[in-house]
Amino acid sequence: MPSTFLSTRSRLIAAAPDDVLAVVRDASSWPAWQPEIRSASGSSELKSDDVVRGDADMLGFKVHGHSTITEVGDGRFEEDVVVGVNLRIAFLFEPTPNGTRVTHRMTTQLPTGVMGRLLSVFLRRRLVHMQRTALDRLARHAEASAS
958 MPSTFLSTRS RLIAAAPDDV LAVVRDASSW PAWQPEIRSA SGSSELKSDD
1008 VVRGDADMLG FKVHGHSTIT EVGDGRFEED VVVGVNLRIA FLFEPTPNGT
1058 RVTHRMTTQL PTGVMGRLLS VFLRRRLVHM QRTALDRLAR HAEASAS
């Protein structure tokens, strides 16, 4: 039976929520701040039901993937991502006196079986690292764009 992996991380960003959301909604910016993404093609103002296609590195493997945007607005951006594994990703944007608290939530079903459990050990570590790095790079990118 597959096990669910959920990772949630938040970061304060010194930019207004709309400025941060604008970066997340711009598919062309994704390779600049998402560590695994090598290329992405899609709208610069993504909305629900839009699809972004591109290439990524996952655990050292080059994969072609896609993301279907499921919700945009009301302080959130959600997507279903397929890059070798299926990820459900949500960004939540909360205004603060000094900018925005961005919460990134990532959920996936981990592989099963003996080899799947072994792969899951590496996948969990990689996904947590990817999440932390993406939030740090998103902060730098959004803060530079807002200046």
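If you read the sequence shown in my numbering, its first letter stands for residue 958, the second for the next number, and so on.
The beta carbon of each residue, even a glycine, is placed where N, CA and C say it ideally should be.
Ser1000 to Ala973 span [Cα, whole Å]
Walking along the sequence shown from the start, residue 1000 turns up at place 43. Walking along the sequence shown from the start, residue 973 turns up at place 16. Approximately 21 Å, taken between the alpha carbons.
Does the distance from the C-beta atom of Ala979 to that of Glu1100 stay below 7 Å?
Walking along the sequence shown from the start, residue 979 turns up at place 22. Walking along the sequence shown from the start, residue 1100 turns up at place 143. In this structure, Glu1100 does not lie closer than 7 Å to Ala979 by Cβ.
Beta strand (DSSP E) segment containing Ala1013, residue limits
Numbered from 1 along the sequence shown, position 56 holds the residue referred to as residue 1013. Looking at the DSSP string, the run of the beta strand (DSSP E) that includes Ala1013 is 1008-1015.
Would a C-beta distance cut-off of 7 Å place Ser964 and Met1072 closer than the cut-off?
For this step, residue 964 is matched to residue 7 along the sequence shown. For this step, residue 1072 is matched to residue 115 along the sequence shown. No, they are not a contact pair.
Can you tell me where the alpha helix (DSSP H) holding Gly1070 begins and where it ends?
Walking along the sequence shown from the start, residue 1070 turns up at place 113. It spans 1070-1103 - the alpha helix (DSSP H) in which Gly1070 sits, taken as one unbroken run.
Would the segment 1086-1096 and the segment 992-1009 be scored as touching if the rule is three or more Cβ pairs under 8 Å?
yes
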